[in-house]
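Step one of this worksheet: look at the structure below.
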Amino acid sequence: MMNTDSLISFEHVTVSFWQNNMGIHSIKDLATHRKNPFVNKVILHDISFDVKRGECVGVLGRNGSGKSTLLRTIAGLIEPQQGKVTINGTFAPILAIGAGLELELSGYENMHLLLSLYGRARKNTNAIQSIVDFSELSDEVLRMPAKRYSSGMLARLAFSISVANDADILIIDEVLAVGDQGFQNKCMDKIFSVKAEGKTILFVSHFPDDVQKICNKAILMEGGRIIHNGNAGEICEKYKQLF
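Per this note's numbering, the very first residue in the sequence shown carries number 32; after that it's consecutive.
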């Protein structure tokens, strides 16, 4: 049963994908195999947790532990096969570097598109200007297709659009892993500012020290399961013990 104070609730959620396990790339390949070449790979196993209003929750885990799939499920990009996901509030996802951006569109066009999807007016000039100012990307760059951006430029644009959204929930997936140190520090300052406003934050990082600085709670994932859930400091120490 979901807590009424929760903005995010997972109840026994399982996510799986059918995967080609035998190198099948054509009808001919398929015809030469008598057994079903596809296997159902479970990515998230029976996940249950709540994130309450105003909490800042870190998500830690090694590569392949299921962190990004978890966030994509929260964002509604993946439908679970079992269980229930409940989101109470608006969210601004920064799902990895440039995920959510349309690479054929310019920076400006991505701003208008994503602000519209987030429910902001397409011609909200204040929001557009705040994105331009925060990203520190030039007018020339913002007129270019995003496919020509470096990973650092994509991170600048994605983060700047998301924090301009003024959503109830900010979801951050490894976006601070790229870019120059100055912009990373600027992003950290903004995250602290959003936290001080009482917004809810879900923060994925490979850096437990960052999680400990930002978050009051954390979950540790391994093999598609949540193996620990609790105080951020304690969970960060358990994460370090995995290595």
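No residue lacks a Cβ here, since even glycine has one placed at the ideal position from N, Cα and C.
Q | For A177, the three-state DSSP class (helix, strand or coil) | A | helix
Q.
I believe I202 touches A106 by the beta-carbon criterion, under 8 Å. Please report the beta-carbon distance rounded to the nearest angstrom.
A. 7 Å
Q. Assuming V88 and C246 make a contact with CB atoms under 8 Å, what is their CB distance in whole Å?
A. 6 Å
Q.
Just to confirm the assignment, what range does the alpha helix (DSSP H) spanning D241 have?
A. P239 to I245
Q | Buried versus exposed, by CB contacts within 10 Å (16 or more), E205 | A | buried
(Q) Under DSSP, the alpha helix (DSSP H) around N157 begins and ends at which residues? (A) T156 to S166
Q: Give the single residue among L146, L91 and E133 whose Cα lies nearest to the Cα of A122.
A: Position check: residue 122 holds Phe in this sequence, whereas Ala was assumed. Checked all of L146, L91 and E133; the closest Cα to F122 is L146.
Q) Would E135 be called buried (16 or more neighbouring beta carbons within 10 Å of its own) or exposed? A) exposed
Q: May I have the straight-line CA-CA distance separating I109 from M219, to the nearest angstrom?
A: 28 Å
Q: Under 8 Å by Cβ, that's how I've got A177 and S137 pegged, so tell me the actual separation to the nearest angstrom.
A: 7 Å
Q.
Below 8 Å on the Cβ atoms is my contact criterion, and I expect I78 with V44 to pass it. Report the Cβ-Cβ distance as a whole number of Å.
A. 4 Å
Q. Leaving out five residues before and five after V194 in sequence, what residues of the same chain have Cβ atoms less than 6 Å from its Cβ?
A. K221
Q) What's the call for V70, buried or exposed, on a 16-neighbour Cβ count within 10 Å? A) exposed
**Q.** Rounded separation between L38 and T100 - CA only
**A.** 19 Å
(Q) Mapping the DSSP letters down to three states, classify S37 as helix, strand or coil. (A) strand
Q. Which one of E133, S182 and K226 has the shortest CA to CA distance from D211?
A. S182
**Q.** Those residues which DSSP pairs with P83 across a bridge
**A.** Per the sequence presented here, residue 83 reads as Lys, with Pro not at that position. Looking at the DSSP assignment, K83 forms a beta bridge with S37.
Q.
Can you tell me whether T276 is buried or exposed? The criterion is at least 16 other CB atoms within 10 Å of its CB, across all chains shown.
A. In the structure displayed, the chain extends from 32 to 274; residue 276 sits before or after that span and is not available.
Q) By Cβ distance below 7 Å, which residues in the same chain neighbour S161 in space, the five residues on each side in sequence not counted? A) A195
Q: Helix, strand or coil for Q113, going by three-state DSSP, please let me know.
A: strand
Q. Quick one: is T104 near chain B, going by C-beta distance under 9 Å?
A. Going by chain labels, chain B is absent from the structure shown, which holds only one protein chain.
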